[in-house]
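Per numbering that gives the first Met the number 0, the sequence shown starts with residue 0, numbered consecutively.
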Amino acid sequence: MSNPIAPSPGPLTASALIAQVVADHEAELVGLRRDLHAHPELSWTEHRTTDVVAGHLEAIGWRLQRLSPAGLVADLGTGERTVGLRADLDALPVQEVSHDPWRSTVPGVAHACGHDVHTTALVGAAHALARLHAIGELGGRVRLFFQPAEEVMPGGAVHLMGMGVLDGVERVFALHCDPGVDVGQVGLRLGPLTSAADRIEIRLEGTGGHTSRPHLTGDLTFALAKMTTELPAILSRRLDPRSGVSVVWGMVQAGSAPNVIPDHGVLAGTVRILDAVAWAECEKLVRELVHEIVRPYGVTAHLDYQRGVPPVVNESLSNRILAEAVTEVLGPDGQVMAPQSLGGEDFGWYLDQVPGAMMRLGTRTPGGVTYDLHQGNLHIDERAITIGARLMAEAAWRALRA
0 MSNPIAPSPG PLTASALIAQ VVADHEAELV GLRRDLHAHP ELSWTEHRTT DVVAGHLEAI
60 GWRLQRLSPA GLVADLGTGE RTVGLRADLD ALPVQEVSHD PWRSTVPGVA HACGHDVHTT
120 ALVGAAHALA RLHAIGELGG RVRLFFQPAE EVMPGGAVHL MGMGVLDGVE RVFALHCDPG
180 VDVGQVGLRL GPLTSAADRI EIRLEGTGGH TSRPHLTGDL TFALAKMTTE LPAILSRRLD
240 PRSGVSVVWG MVQAGSAPNV IPDHGVLAGT VRILDAVAWA ECEKLVRELV HEIVRPYGVT
300 AHLDYQRGVP PVVNESLSNR ILAEAVTEVL GPDGQVMAPQ SLGGEDFGWY LDQVPGAMMR
360 LGTRTPGGVT YDLHQGNLHI DERAITIGAR LMAEAAWRAL RA
């Protein structure tokens, strides 16, 4: 792969300076991550987290815009070209299971998705980018998005976009912790990386009756059972099978006695799709199919379809910039292929408007336990923090020259 970016003049290359600045702040960054981890805040309530981040950025010259109800945007540099870097702030309603001294101090709330690492890495990148700007080597403008509410649909990204954070931004990057990848490696993938994720709830209503006389009533339970199997099956035939549509039910409720046909029931789950075109078609099709499926059984269906987030689709040049940054920071063996995920990520909203890419930051200790996201026992190898900081700064610097 050729590198279109010429080396920076001076006693240190830009890449070497980024590495030096991040290394100088390593202890500070680890301390920041532990502080954020110990004080997690749920979506839209990330007030303390915002204040802590703002304090770090104000001290090194970033221009801040605080957002309501939480989060902030920070700008640095001058020029016509602007690159965006995003981190998410919120934690999850999960009870942490850990004996670390910096474990969550908030009952039932924990950074079980690694957003504390994302935030800290971006603060580290901010230090390096501020140094480049101070010596005239930044080469443009960088905008940092410290975004609230990634963990709820449709996500804080929509809120920030409505406030104009993408105005003038030509390219945007993000990282996400991956506890299935060793620290010192980064997962990249061209094209779809994550899935569109929608939520559906279907409520059925009927007259109810005795199980000995189903022909005299709408057999709501039978209709509910048909919905659980027929909707996923029909969607797999009506949408392009290459779109990777997946309908999975998380809740099915109806009835309270074995000999009574109930008069109401509910079915709720998620619809996940890897293809943006199929995602655009899906809601209309689901609304049509839900009523067709229950019509023969004499019951009525009410659908609540909550459109969530689009897929994250990594654009070609942006993905190449990340690949070059990974090679610079971690060497030729630092990059691994990231598998497609059916998880949702609201970074996809940004990529629906401007080119960009997301990388999977390895956080597993080599030879150690493989943890999972959104679990109370998630463990992060903290060496990933400075790696993430260098990668984000390197990506921004390279993007301004691509």
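No residue lacks a Cβ here, since even glycine has one placed at the ideal position from N, Cα and C.
- When DSSP states are grouped into helix, strand and coil, C281 belongs to the helix group.
- Around the beta carbon of T228, a 10 Å sphere encloses fewer than 16 other beta carbons of the protein chains shown; the residue is thus reported as exposed.
- About 21 Å separates the beta carbons of A37 and L56, which is beyond the 8 Å limit, so they are not a contact pair.
- Under the criterion of beta carbons closer than 8 Å, L88 and G70 qualify as touching, at roughly 6 Å.
- Per DSSP, R47 is one residue of the alpha helix (DSSP H) stretching across H46 to E57.
- Counting along the chain, I233 sits inside the alpha helix (DSSP H) bounded by residues L219 to R237.
- With 16 or more other CB atoms across the displayed protein chains lying within 10 angstroms of its CB, L121 is buried.
- Cβ-Cβ separation between T362 and A383: approximately 5 Å, consistent with a contact (criterion under 8 Å).
- Within the model, the alpha-carbon separation for R33 versus T118 is close to 11 Å.
- Each residue's CA atom was taken as its position, placing S242 and R130 some 44 Å apart.
- Spatial neighbours of S14 in its own chain (CB-CB distance under 7 Å, excluding positions within 5 residues in sequence) are listed in chain order as E327 and E393.
- Counting C-beta atoms within 10 angstroms of its own C-beta, I134 has fewer than 16 neighbours from the protein chains shown and is therefore classed as exposed.
- For T118, the enclosing alpha helix (DSSP H) has its first and last residue at H114 to A133.
- For H114 and Q334, the gap between their C-alpha atoms comes out near 22 Å.
- Counting only runs of 3+ residues, the beta strand (DSSP E) found wholly inside the stretch 261–344 occupies 263–272, 299–308 and 334–336, in chain order.
- Annotation: the continuous alpha helix (DSSP H) that includes D23 extends over A13 to D23.
- Residue pairing for T81: DSSP places it in a beta bridge opposite R140 and V168.
- Membership of W348 in the alpha helix (DSSP H) is indicated by the continuous run F346 to L350.
- Taking a contact to require three or more Cβ pairs closer than 8 Å, the stretch 194–205 and the stretch 268–282 qualify as touching.
- R140 and V244 have their alpha carbons spaced roughly 39 Å apart.
- A contact between stretches requires three or more CB pairs, one per stretch, nearer than 8 Å, and the stretch 89–100 meets this requirement with the stretch 41–53.
- Taking a cut-off of 8 Å for Cβ pairs, the stretch 279–292 and the stretch 159–171 do not touch, as fewer than three such pairs fall below it.
- Between L203 and A232 the beta-carbon gap is near 18 Å, outside 8 Å, which marks them as no contact.
- In the structure shown, V247 falls within a strand segment according to DSSP collapsed to helix, strand and coil.
- The Cβ atoms of N318 and A356 lie closer than 8 Å to each other.
- A check of alpha carbon separations from G154 across V247, H373 and W348 identifies W348 as the nearest.
- Following the DSSP letters along the chain, one finds R389 inside the alpha helix (DSSP H) bounded by residues R382 to A398.
- The three-state reading of DSSP puts H214 in helix, counting H, G and I together.
- Just measuring C-alpha positions, the residue of L372, A53 and V325 sitting nearest G342 is L372.
- Membership of M160 in the alpha helix (DSSP H) is indicated by the continuous run G155 to G161.
- In the DSSP assignment, no residue is bridged to A256.
- Looking at P68, R170, Y304 and L234, the one whose alpha-carbon comes closest to that of R198 is Y304.
- In this structure, L35 places its C-beta atom within 8 Å of the C-beta atom of V51.
- Cα atoms of H158 and F172: separation of roughly 18 Å, rounded to the nearest angstrom.
- Residue burial annotation: V298 is buried, with at least 16 other C-beta atoms found within 10 angstroms of its C-beta.
- Taking the Cβ atoms as the reference, M226 lies roughly 45 Å from I320, outside the contact range of under 8 Å.
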